């Protein structure tokens, strides 16, 4: 298996390539009242949405809340968006996913929104997935200037 070694001014890290470690943090079935919709009868009327947010975050190694993403931040952001006039659930999902992607350590954000009252029968739903560019993750992890060399071996 190929081995990659990262040398920084502080440490050298070796790991087997091909193994990607991450954690999924989720908030499921979160009810949010939102000023959402495109029709005249929907405008100004808060409607129920059911949100599921799944974040792919850096591997969690320490047993501390500040080592991961706090679920309360996700819920608070969803509640705040619910108070903003947004016409489309697609836009709501994109804005929430964008917010989540800015949280420390988040690699990807997937937001699913169900709008129970959109159809007489069935459920309207949308899912948005945003991912960071892997090159951005490497630049962020090392601050852009600490890597001295990257060696690839067999």
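Numbering (this note's numbering), first residue to last: 85 to 238.
All C-beta atoms, glycine included, are put in the ideal place defined by N, C-alpha and C.
Just so it is clear, the structure is predicted and the values come from calculations on it, not from any experiment.
- Task: Any chance you could list the beta strand (DSSP E) runs of at least 3 consecutive residues sitting entirely within the region 111–180, in chain order?
- Result: Whole beta strand (DSSP E) segments, 3+ residues: 130–142.
- Can you name the start and end residues of the beta strand (DSSP E) that residue 191 belongs to? Indexing the chain shown from 1 puts residue 191 at position 107. Here the beta strand (DSSP E) through residue 191 covers 190–199.
- Message: So residue 172 and residue 192 are supposed to be a Cβ contact under 8 Å. How far apart are they, rounded?
- Response: Position 88 of the chain shown holds residue 172. Position 108 of the chain shown holds residue 192. Residue 172 to residue 192, Cβ: 22 Å. No contact.
- Does DSSP put residue 185 in a helix, in a strand, or in coil? Against the chain shown, residue 185 aligns to sequence position 101. In the structure shown, residue 185 sits in a helix (DSSP, three-state: H, G or I).
- Taking buried to mean at least 16 other C-beta atoms within 10 Å of its own C-beta, is residue 122 buried or exposed? Working through the chain shown from its first residue, we reach residue 122 at position 38. Counting Cβ neighbours within 10 Å, residue 122 comes out exposed, since fewer than 16 surround it.
- Query: beta strand (DSSP E) containing residue 213: first to last residue?
  - Reply: Along the chain shown, read from residue 1 onward, the residue named residue 213 stands at position 129. It spans 208–215 - the beta strand (DSSP E) in which residue 213 sits, taken as one unbroken run.
- Task: Figure out for me which residue from 186, 141, 198 and 181 has the closest Cα to the Cα of residue 208.
- Result: Here residue 208 refers to the residue found at position 124 when the chain shown is read from its first residue. Nearest in C-alpha terms to residue 208, of all of 186, 141, 198 and 181, is 198.
- Query: Shortest alpha-carbon distance to residue 162 belongs to which of 141, 111 and 129?
  - Reply: The sequence position of residue 162 within the chain shown is 78, counting from 1. When each option's Cα is compared against that of residue 162, the closest is 111.
- In whole angstroms, what is the alpha-carbon distance linking residue 226 and residue 147? One-based indexing of the chain shown puts residue 226 at position 142. One-based indexing of the chain shown puts residue 147 at position 63. Only weak support exists for where residue 226 lies, its pLDDT of 44 falling under 50; the value from the coordinates is given anyway. One Cα belongs to residue 226, the other to residue 147, and the distance between them is close to 23 Å.
- Message: Quick check on the burial criterion: 16 or more other C-beta atoms within 10 angstroms. Buried or exposed for residue 127?
- Response: As a working mapping, residue 127 is identified with position 43 in the chain shown. The residue in question, residue 127, is exposed, as its Cβ has fewer than 16 Cβ neighbours within 10 Å.
- Task: Measure the Cβ-Cβ separation of residue 106 and residue 140 and say whether it is below 8 Å.
- Result: On the chain shown, position 22 is the one that residue 106 refers to. On the chain shown, position 56 is the one that residue 140 refers to. Cβ atoms of residue 106 and residue 140: closer than 8 Å.
- Query: Looking only at its own chain, which residues have a Cβ that is under 6 Å from the Cβ of residue 137, when we skip the five neighbours before and after it?
  - Reply: For this step, residue 137 is matched to residue 53 along the chain shown. Closer than 6 Å at Cβ, skipping near neighbours: 111, 158 and 195.
- Item | Cβ separation of residue 179 and residue 165, assumed to be a contact under 8 Å, to the nearest whole Å | Looking up residue 179 in the chain shown gives position 95. Looking up residue 165 in the chain shown gives position 81. Contact flag correct, Cβ pair sits at about 6 Å.
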